[in-house]
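Here the working numbering is used: the first residue of the sequence shown is 28, the next is one more, and so on. Below is one structure, written out as structure tokens; the observations come after it.
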Amino acid sequence: MTAVTPIPPAADVASRTLVLALPKGRILAECAPLLARAGIVPEADYADESSRRLRFHTETPELDVIRVRSFDVATFVAFGAAEIGICGADVLMEFDYPDIYAPLDLGIGHCRISVAEPADAAGRTNFSRLSRVRVASKYPSITRKHFAMRGIQAEIVTLNGAMELAPGLGLSRLIVDLVQTGSTLVANGLVETEVIAHVTSRLIVNRTALKTRPEAIGAWIARFRAALEAAA
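See the structure below:
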């Protein structure tokens, strides 16, 4: 007979440690003042990206922090592996998980999703005459939707980095990428020709967790809201 895993009682679910998913990289550093104002103090090495640890306790016993790739924060929260997270709006747009609720714009991680092309071709592309274009991007869904709105079928070359090399090496005509200052584009002979969306980081929560643990999750949303107001 196949063993059936028992469903944990509600009391066990309510007492389980909450997990906050944070993105590696630039946003991790930008999160630090906000976390401090929200009363979240992780173990010292959580900010050390050379550390091989990925899960960290905090000074609040009922909350742990995990450090994952920015694109993975939304996945961890959507599938309930983490109840709370900090995630760029670009990731939410790309994956559009129905199980994620984003109650707060944290006002950090300012950047934009943009179309770019070689500087020597900029302004000479007549998109009204195009029916198809090849685009390199790590945002296939956003890119397809953007060009579909203009009646253009986008053939996506999916890359996770070094996007700026694609046009010069004949891999694609255009790129769609996350842009902060634009200096990397300029250094590689590209120019930003269109902004698809402006991006900031959001506080996200798992909808099921919010329903099953409304007091605990609601308290953390309130802490982050107060932290934002304190910084205003």
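C-beta: ideal position from N, C-alpha, C; glycine also. All of these numbers come straight from a predicted model, not from anything done at the bench.
In chain order, what residues of the same chain have a beta carbon less than 6 Å from the beta carbon of R161, not counting five sequence neighbours either side?
-> Looking up residue 161 in the sequence shown gives position 134. Cβ within range, chain order: E182, S199 and R200.
So who's on the other strand from H173, going by DSSP bridges?
-> Numbered from 1 along the sequence shown, position 146 holds the residue referred to as residue 173. Partner(s): none; H173 has no beta bridge.
Out of G197, A224, S210 and L196, point me to the one whose CA is closest to V203's CA.
-> As a first step, residue 203 must be located in the sequence shown, where it is residue number 176. Comparing Cα positions, the closest option is A224.
In whole angstroms, what separates the C-alpha of D117 from that of R82?
-> Translated into positions along the sequence shown, residue 117 becomes position 90. Translated into positions along the sequence shown, residue 82 becomes position 55. D117 and R82: Cα-Cα distance of roughly 24 Å.
What separation, rounded to the nearest whole angstrom, lies between the Cα atoms of I231 and Q207?
-> Stepping through the sequence shown from its first residue, residue 231 is reached at position 204. Stepping through the sequence shown from its first residue, residue 207 is reached at position 180. Taking the straight line from one Cα to the other gives about 22 Å.
Give me the Cα-Cα distance between E191 and A236, rounded to the nearest whole angstrom.
-> Your numbering for residue 191 matches position 164 in the sequence shown. Your numbering for residue 236 matches position 209 in the sequence shown. Whole-angstrom Cα-Cα distance: 40 Å.
With a cut-off of 8 Å, do at least 3 Cβ pairs link the segment 149-156 to the segment 126-138?
-> no
Where in the segment 39-117 do unbroken runs of the alpha helix (DSSP H), each at least 4 residues long, occur, reported from the N-terminal end onward?
-> 53-64 and 97-105
Is the distance from the Cβ of K51 to the Cβ of E70 below 8 Å?
-> Start at 1 with the first residue of the sequence shown, and residue 51 comes out as number 24. Start at 1 with the first residue of the sequence shown, and residue 70 comes out as number 43. For K51 and E70, no; Cβs fall outside 8 Å.
Tell whether a beta-carbon distance below 8 Å holds between S141 and E219.
-> Taking the sequence shown and counting its residues from 1, one reaches residue 141 at position 114. Taking the sequence shown and counting its residues from 1, one reaches residue 219 at position 192. Taking 8 Å as the Cβ cut-off, S141 and E219 qualify as a contacting pair.
Environment of L22 [buried if 16+ CB atoms lie within 10 Å] = Only positions 28 to 259 of the chain appear in this structure, which leaves residue 22 out of reach.
Which first and last residues belong to the alpha helix (DSSP H) in which A253 is found?
-> Translated into positions along the sequence shown, residue 253 becomes position 226. Start and end: P241 to A258.
So T185 is in the beta strand (DSSP E); what residue range does that whole segment cover?
-> Against the sequence shown, residue 185 aligns to sequence position 158. It spans Q180 to T185 - the beta strand (DSSP E) in which T185 sits, taken as one unbroken run.
Once you ignore the five residues that flank V100 on each side, which residues in its own chain have a CB closer than 6 Å to its CB?
-> Indexing the sequence shown from 1 puts residue 100 at position 73. Closer than 6 Å at Cβ, skipping near neighbours: A48, P50, G112 and C114.
Residues that DSSP places opposite S164 in a beta bridge = Here residue 164 refers to the residue found at position 137 of the sequence shown. Paired residues: T185 and V203.
Could you please give me the residues that DSSP links to I140 through a beta bridge?
-> To locate residue 140, count along the sequence shown from 1; it is residue 113. According to DSSP, I140 bridges with L205 and A224.
Going by the CB atoms, is the gap between A254 and A56 shorter than 8 Å?
-> Working through the sequence shown from its first residue, we reach residue 56 at position 29. Working through the sequence shown from its first residue, we reach residue 254 at position 227. Cβ atoms of A56 and A254: not closer than 8 Å.
Are the beta-carbon atoms belonging to R234 and I127 less than 8 Å from one another?
-> Against the sequence shown, residue 234 aligns to sequence position 207. Against the sequence shown, residue 127 aligns to sequence position 100. Yes, the Cβ-Cβ distance between R234 and I127 is below 8 Å.
So is E242 buried or exposed if we call it buried at 16+ other beta carbons inside 10 Å?
-> In the sequence shown, the residue the question calls residue 242 occupies position 215. By the neighbour-count rule (16 or more Cβ atoms within 10 Å), E242 is not buried but exposed.
Does the Cβ-Cβ distance between G216 and A146 come in under 8 Å?
-> Taking the sequence shown and counting its residues from 1, the one referred to as residue 216 is at position 189. Taking the sequence shown and counting its residues from 1, the one referred to as residue 146 is at position 119. Result yes, Cβ atoms of G216 and A146 sit closer than 8 Å.
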